Amino acid sequence: MREVAVSGVSMTRFGKYMEKGLRELSAEVILGAANDAGIDLKDIQFASVGNSLAGLITGQESVRGQVILKEVGLGGIPVTNVENACATSSTAFFECWMAVASGYCDVALALGVEKLFCGDTARSNAALATCIDVDVEGRMGFSFLGWYAAEARSHMETYGTTQEQMAKVSVKSHKNGSLNPYAQYQKEVSIEEVLSSRPIAWPITLLMCAPIGDGAAAAILTSKDIARRHTSEPITIASSELTSGRILDCRRAESAGALTEMLAKKSYEKSGIGPEDLGVVELHDAFSPAEISIYEDLGLCNRGEGGRLVDEGKTEIGGTIPVNTSGGLAAKGHPVGATGIAMITEIVWQLRGLAGKRQVEPRPKVGLVQNGGGLVAGEYAADAIHILKR
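FYI, in our numbering the residues of the sequence shown are 113 to 502.
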């Protein structure tokens with residue numbers, strides 16, 4: 113397998129776009145990523161288009177990628193359509209990495225796009241509820257919120273983690289989001305505001321929840337040789353890993369963290385990079401308490417010490433291991449199919465030194481993305497980890 117570079121990235125601001133559809137949102141980032149990479153659209157030899165929920169919301173099924181790419185005049189190439197819940201565009205990125213790393217092509221487009229604001233909140237929520245096994249968990253009354261709340265309570269009971277520490281994660285995320293012009297929410301909040309916001313499911317409050325939204329993100333992956341034509345310091349992919357959940361009994365509700373921990377160890381082993389080498393991390397904080405557990409899953413601290421990492425400020429932009437400098441899902445937003453590549457985009461910007469007011473200093477050399485998707489039998493249905501370096 114040859115080295116692969118992320119040569120171009122682009123994303124929209126996440127938010128509410130009642131006047132734009134998938135085509136318009138996608139066109140903006142496809143053209144932006146191609147321009148960033150210094151390539152023409154005709155140079156793209158393969159495309160993987162990630163969208164999770166448009167079929168249920170708009171009725172456009174089966175060929176969403178081809179419909180979207182037609183908007184920018186891109187055709188006559190292999191196109192795959194990817195659905196993988198919240199890990200949809202990370203999966204598209206993984207497909208493109210495989211295509212370039214294997215030598216199948218030299219230039220590939222990974223796209224993630226989602227439009228959840230459709231004027232019918234019930235329809236959007238019903239679509240999101242399908243990211244589980246509807247015949248098993250669905251009939252048991254299982255929900256994402258309930259699962260994340262149970263995980264948070266378990267962490268509190270086992271390790272003494274507090275709701276205040278979970279609130280601090282949300283405060284950090286919103287502070288970072290206030291520095292990010294692409295974030296859906298750009299306003300700081302206080303611990304008191306987080307704790308007093310509407311209770312959702314103990315210990316989760318409203319300001320600990322990632323909002324739904326609209327948005328798109330794209331990445332151009334190329335061989336390292338092509339990347340070097342446009343930059344003297346290409347951002348390369350040290351590791352790109354994807355796994356499904358294991359075959360578990362959903363009634364045991366084993367923590368999804370075991371899956372992420374397993375995948376992280378595999379990623380570190382393959383890349384020759386360890387958690388101590390990371391300079392910045394974007395992880396899947398669908399609900400703020402989950403961030404604390406994922407610190408531990410990724411080996412950023414020992415098991416049970418995630419809360420202390422927050423208290424000590426180590427995951428803030430000025431800390432030893434900044435996490436979710438973009439604002440994370442909590443503040444940047446979570447248009448499901450676009451989330452993974454948006455996380456990758458933030459890491460690329462950080463490694464290039466282009467993150468503006470939220471730039472980590474000194475400029476990181478290595479960054480990691482962890483993106484979980486769906487839930488089946490008590491753990492992620494899909495989990496992706498990408499490690500990038502300069």
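Glycine residues also receive a C-beta, built at the ideal position from the N, C-alpha and C atoms.
Values in this document were obtained by computation on a predicted structure and should not be read as measured data.
Is the beta carbon of residue i less than 9 Å from the beta carbon of residue j?
i	j	result
residue 289	residue 442	yes
residue 170	residue 230	yes
residue 296	residue 126	yes
residue 312	residue 264	no
residue 503	residue 453	In this structure the chain extends from 113 to 502, so residue 503 is not present and cannot be described.
residue 205	residue 412	no
residue 433	residue 394	no
residue 330	residue 123	yes
residue 276	residue 307	yes
residue 292	residue 192	no
residue 140	residue 213	no
residue 155	residue 121	no
residue 249	residue 487	yes
residue 472	residue 497	no
residue 419	residue 274	yes
residue 462	residue 474	no
residue 400	residue 282	yes
Counting along the chain, where does the alpha helix (DSSP H) carrying residue i start and finish?
i	result
residue 495	From DSSP, residue 495 is part of no alpha helix (DSSP H) but of the beta strand (DSSP E) over 491–501.
residue 383	369–383
residue 288	275–289
residue 237	233–240
residue 141	134–149
residue 457	451–464
residue 422	418–423
residue 190	Residue 190 -> no alpha helix (DSSP H), and no H or E assigned at all.
residue 407	400–409
residue 166	166–169
Kindly indicate the opening and closing residues of the beta strand (DSSP E) around residue i.
i	result
residue 158	158–162
residue 334	326–335
Let me know the secondary structure DSSP gives residue i once reduced to three states.
i	result
residue 113	coil
residue 217	coil
residue 441	helix
residue 261	helix
residue 353	strand
residue 180	helix
residue 208	helix
residue 338	helix
residue 429	coil
residue 127	strand
residue 203	helix
residue 348	strand
residue 294	coil
residue 154	helix
residue 267	helix
residue 256	helix
residue 387	helix
residue 299	coil
residue 470	helix
residue 304	helix
residue 448	helix
residue 364	In this predicted model, residue 364 has a pLDDT of only 49, less than 50, meaning its place in the structure is not dependable; the value taken from the coordinates is given anyway. Coil at residue 364, not helix or strand.
Would you please verify whether the beta carbon of residue i is less than 9 Å from any beta carbon of chain B?
i	result
residue 411	Here there is only one protein chain, and chain B is not present.
Since residue i sits in a beta bridge, which residues does DSSP pair it with?
i	result
residue 479	392, 500
residue 311	317
residue 122	330
residue 227	326
residue 484	495
residue 435	393
residue 61	Since the first residue of the chain shown is 113 and the last is 502, residue 61 is not available in this structure.
residue 222	160, 331
residue 198	196
My assumption, with CB atoms under 8 Å, is that residue i sits in contact with residue j. Please give the rounded CB distance.
i	j	result
residue 501	residue 350	5 Å
residue 403	residue 397	4 Å
residue 448	residue 304	Actually they are not in contact, since the Cβ atoms of residue 448 and residue 304 sit about 31 Å apart, beyond 8 Å.
residue 79	residue 278	The structure shown has nothing for residue 79, since the chain only spans 113 to 502.
residue 104	residue 325	The chain is shown only over 113 to 502; residue 104 falls outside these bounds and no answer can be derived.
residue 494	residue 354	7 Å
residue 161	residue 181	7 Å
residue 342	residue 150	4 Å
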